[in-house]
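Q: Below is one structure. I have some questions about it.
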Amino acid sequence: MADTREARLRLLRSTNIGPVTYAQLIARFGSAEAALDALPMLAARGGGRAPVIADPGTVRREIAAVERLRARYLFLGDADYPPLLAELENAPPALILRGRPELLDRPSVAIVGARNASAAACRFARQIALGLGEAGVTLVSGLARGIDTAAHVGSLGSGTVGVIASGIDIAFPPENRELQERVAREGLLLAEQPPGTEPLARFFPARNRIIAGLALGTVVVEAAPRSGSLITARIAAEAGREVMAVPGSPLDPRAQGCNLLIREGATLVQGVDDILEMIRPIDPRAVRSPTRRFAGPIAQDASDAERAAIVALLGPAAVPIDEIIRQSGMPPALVQTVLLELELAGRLERHAGGRVSFA
6 MADTREARLR LLRSTNIGPV TYAQLIARFG SAEAALDALP MLAARGGGRA PVIADPGTVR
66 REIAAVERLR ARYLFLGDAD YPPLLAELEN APPALILRGR PELLDRPSVA IVGARNASAA
126 ACRFARQIAL GLGEAGVTLV SGLARGIDTA AHVGSLGSGT VGVIASGIDI AFPPENRELQ
186 ERVAREGLLL AEQPPGTEPL ARFFPARNRI IAGLALGTVV VEAAPRSGSL ITARIAAEAG
246 REVMAVPGSP LDPRAQGCNL LIREGATLVQ GVDDILEMIR PIDPRAVRSP TRRFAGPIAQ
306 DASDAERAAI VALLGPAAVP IDEIIRQSGM PPALVQTVLL ELELAGRLER HAGGRVSFA
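Per the working numbering, the sequence shown starts with residue 6, numbered consecutively.
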């Protein structure tokens, strides 16, 4: 039976199923329908209750809401899913789009930065975005106050992609409602959360990974040492993308994050030409097809003794999965299967950087 939009959303909206788990289930069972049927068995092996599977009626209402908003879904594995984004281990299984999806076919650069940015930094971000657009590059940012807003304003006429942490029908911050609507009308608006979802704090790091994942490189313009902009830069670096930063005065706290990035190896940029020089050698078409994420089942059932040995290596502190594989001496496919079962049972939590811990 062919995979359907409703079945994929039911799988994704079920409890204990995140992006990594979703991709592994599709890889193992080949379709969302088959994965849904297998959830009780897998959770039982993990020593817990089966996930609460999303109600078909709830999913149908979500689909109807998306259609009323003149939006559409884009699923991981679809032919037009952005290949650079698909490269992320935790690539979003489903995105909701409003606007011009063809903007995702062009080279993209992310610009992020402080919400309380200086006037000079906002002007610089706007000029950079304008120059990138004139060079045929799509601008990606998060529609936040400050640098994000300036970057979107500078690229409205040439191609801008706004990634939000709420449902696609929720404007945040409220003062950017008109700008968000313009981005949806003239550019492209992306959301991972269902319609009606408010922008909770835990959704912003997830939003940041989409920004970094869509782009060949991320440019940071003013950022505090501990900020969402630096999270986006870290995700970009972990994905093998270019990280660029605009230097600032050491006397300005808003420049400390950028100066720290440069000290740690980010490329110092002072204009559009510097950015284009960093991304032009990279061909976004050279990355593997997103459909390859689903090639080859990752299934190898474990015995009770093997499962117990893997569980014994877990604790409240997050540990890299590679370390569990190394210490257990077991095949990666077997370890991944056990971790999948534990997560479905509600006993495992996944962290950034491919790390896991007991929930």
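We put the CB at the ideal spot given by N, CA and C, even for glycine.
Just so we're clear, the structure is a prediction, and the values are computed from it rather than from any experiment.
I'd like to check one pair, Pro321 with Ser254: are the Cβ atoms closer than 8 Å?
A: Within the sequence shown, numbered from 1, the residue matching residue 254 stands at position 249. Within the sequence shown, numbered from 1, the residue matching residue 321 stands at position 316. No, Cβ-Cβ distance for Ser254 and Pro321 is not below 8 Å.
Q: Can you have a look at Asp60 and say buried or exposed, based on whether 16 or more other CB atoms are within 10 angstroms of its CB?
A: Taking the sequence shown and counting its residues from 1, the one referred to as residue 60 is at position 55. Classification of Asp60: exposed, given that the 10 Å Cβ count is below 16.
Q: Buried or exposed, going by whether 16 or more other CB atoms sit within 10 Å of the CB of Arg131?
A: By one-based count along the sequence shown, residue 131 stands at place 126. That one is buried.
Q: Look at the Cβ atom of Leu93, then the Cβ atom of Asp85, and state whether they are nearer than 8 Å.
A: Taking the sequence shown and counting its residues from 1, one reaches residue 93 at position 88. Taking the sequence shown and counting its residues from 1, one reaches residue 85 at position 80. No, Cβ-Cβ distance for Leu93 and Asp85 is not below 8 Å.
Q: Quick one, which of Arg73, Leu90 and Ile22 has its alpha-carbon nearest Val57's?
A: What you label residue 57 is simply residue 52 of the sequence shown in a count that begins at 1. The shortest C-alpha separation from Val57 is found at Ile22.
Q: Taking the alpha carbon of Ile116 as the point to measure from, which residue in Leu273, His157, Glu67 and Arg54 has its own alpha carbon closest?
A: Locating residue 116 in the sequence shown gives position 111, counting from the first residue. Nearest option by C-alpha distance: His157.
Q: Under 8 Å: do the stretch 339–359 and the stretch 17–33 share three or more Cβ pairs, one atom per stretch?
A: Yes: at least three Cβ pairs fall under 8 Å.
Q: Expressed to the nearest angstrom, what Euclidean distance is found between the alpha-carbon atoms of Val340 and Arg15?
A: One-based indexing of the sequence shown puts residue 340 at position 335. One-based indexing of the sequence shown puts residue 15 at position 10. About 26 Å.
Q: Please specify which runs of the alpha helix (DSSP H), each continuous and at least 4 residues long, are wholly inside the stretch 194–226, giving them in chain order.
A: Complete alpha helix (DSSP H) runs here, min 4: 208–219.
Q: Mind checking Ser160: buried by the 16 CB within 10 Å criterion, or exposed?
A: By one-based count along the sequence shown, residue 160 stands at place 155. Ser160 comes out buried.
Q: Mind checking Leu273: buried by the 16 CB within 10 Å criterion, or exposed?
A: The residue given as residue 273 occupies position 268 in the sequence shown. Flag for Leu273 reads exposed.
Q: Using a Cβ distance threshold of 8 Å, determine whether the stretch 223–232 contacts the stretch 197–215, with at least three qualifying pairs required.
A: At 8 Å Cβ cutoff, the stretches do not touch.
Q: I'd like to know whether the C-beta atoms of Ile326 and Val343 end up nearer to each other than 8 Å.
A: As a working note, residue 326 is residue 321 in the sequence shown. As a working note, residue 343 is residue 338 in the sequence shown. In this structure, Val343 does not lie closer than 8 Å to Ile326 by Cβ.
Q: Ignoring anything shorter than 4 residues, give me the alpha helix (DSSP H) runs that lie fully in the stretch 240–271, in order along the chain.
A: Runs of the alpha helix (DSSP H) inside the stretch 240–271: 261–268.
Q: Along the chain, where does the alpha helix (DSSP H) that runs through Leu16 open and close?
A: To locate residue 16, count along the sequence shown from 1; it is residue 11. Start and end: Arg10 to Arg18.
Q: What whole-angstrom Cβ distance do Ala171 and Glu191 have, given they're in contact under 8 Å?
A: For the purposes of this step, residue 171 is identified with residue 166 of the sequence shown, where counting begins at 1. For the purposes of this step, residue 191 is identified with residue 186 of the sequence shown, where counting begins at 1. Correcting the residue identity first, residue 171 is Ser in this sequence and not Ala. Their Cβ separation, rounded to whole angstroms, is 20 Å, which puts Ser171 and Glu191 out of contact at 8 Å.
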